[in-house]
Ligand SMILES: Nc1ncnc2c1ncn2[C@@H]1O[C@H](COP(=O)(O)OP(=O)(O)OP(=O)(O)O)[C@@H](O)[C@H]1O
């Protein structure tokens, strides 16, 4: 089918399989999924079901063994290596363990993400405070990461991932180290980011969060998509 560029999914998996070298079992097995611009998607499934592999393929940290992965209109199997950094600039990433630079302040952590992609000093001076305000950390911009709570550190990580206004935000277990109340705050923030038009894909084991948010849920089992629901819960409902 011919689609207009505006309607083309921002992420398309076409019969994607991934078998890691030396493994007999596929980490992903004939996965076909379309994710449209602006969607919020939870990726759920037992440990080892293939969630991280799915996310790594989007980032081109790994390549499909079979099938095609398209991100932002690019066929990642055919994307030249030197174009990979440009692809990754359009994708913010957030992890369970925050991954902040411990010897830099909150503001410096966020600014660093812009420095490495060559943004001008005036852009950095504008975008960093604006983004820290969005995540509710304006007051703590000069603090060091170890002076912050886990929830605050995750907010810094989200600010760093979003400061460049990426097309896609990938979050791998972002609430995995946080208590339920703090997790809910992080989810509200991801929801706000999603409402700006950024596509959010979040891998999680947090049933409470998934049940509360009622977003699209894609469930993997043994590398296969076994459920894809528009306003799903963590598990099957009946
Ligand atoms: N680098 C690798 N080399 C070999 N096998 C791998 C590699 N990474 C993952 N696998 C295997 O691929 C399968 C899927 O793993 P993956 O990490 O994608 O699952 P997951 O759903 O993210 O799990 P978790 O919830 O524990 O993070 C597993 O069987 C795993 O052992």
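In my numbering, the protein residues as written are 5 to 242.
All residues carry an ideal CB built from backbone N, CA and C; glycine is no exception.
Small disclaimer: the values here were computed from a predicted structure and weren't measured.
For residue i: DSSP bridge partner residues
| i | result |
| --- | --- |
| residue 173 | 96 and 204 |
| residue 48 | 223 |
| residue 232 | 222 |
| residue 78 | 75 |
Under the three-state DSSP convention, the category residue i falls into
| i | result |
| --- | --- |
| residue 221 | strand |
| residue 146 | coil |
| residue 66 | coil |
| residue 12 | coil |
| residue 214 | helix |
| residue 102 | coil |
| residue 43 | coil |
| residue 154 | helix |
| residue 88 | helix |
| residue 57 | helix |
| residue 163 | helix |
Start-to-end residues for the beta strand (DSSP E) that takes in residue i
| i | result |
| --- | --- |
| residue 36 | 32–39 |
| residue 71 | 70–75 |
| residue 20 | 15–22 |
Candidates the options, of which the one nearest residue i by Cα
| i | options | result |
| --- | --- | --- |
| residue 35 | 57, 124, 119 and 213 | 57 |
| residue 33 | 17, 47 and 26 | 17 |
| residue 172 | 148, 182, 198 and 70 | 198 |
| residue 20 | 73, 47, 29 and 40 | 73 |
| residue 28 | 69, 51, 15 and 55 | 69 |
| residue 179 | 194, 169 and 165 | 194 |
| residue 116 | 82, 132, 126 and 101 | 132 |
| residue 52 | 213, 214 and 207 | 207 |
| residue 71 | 204, 174, 196 and 22 | 22 |
| residue 177 | 98, 126 and 40 | 98 |
| residue 54 | 234, 220 and 209 | 209 |
| residue 205 | 47, 38 and 30 | 47 |
| residue 161 | 112, 67 and 218 | 112 |
Enclosing alpha helix (DSSP H) for residue i [first to last residue]
| i | result |
| --- | --- |
| residue 116 | 110–119 |
| residue 184 | 184–199 |
| residue 138 | 125–138 |
Buried/exposed call for residue i, threshold 16 Cβ in 10 Å
| i | result |
| --- | --- |
| residue 87 | exposed |
| residue 192 | exposed |
| residue 137 | exposed |
| residue 25 | exposed |
| residue 149 | buried |
| residue 164 | buried |
| residue 119 | exposed |
| residue 234 | exposed |
Interface flag, residue i vs chain C, CB-CB below 9 Å
| i | result |
| --- | --- |
| residue 74 | Considering every chain present, this structure includes no chain C. It has just one protein chain. |
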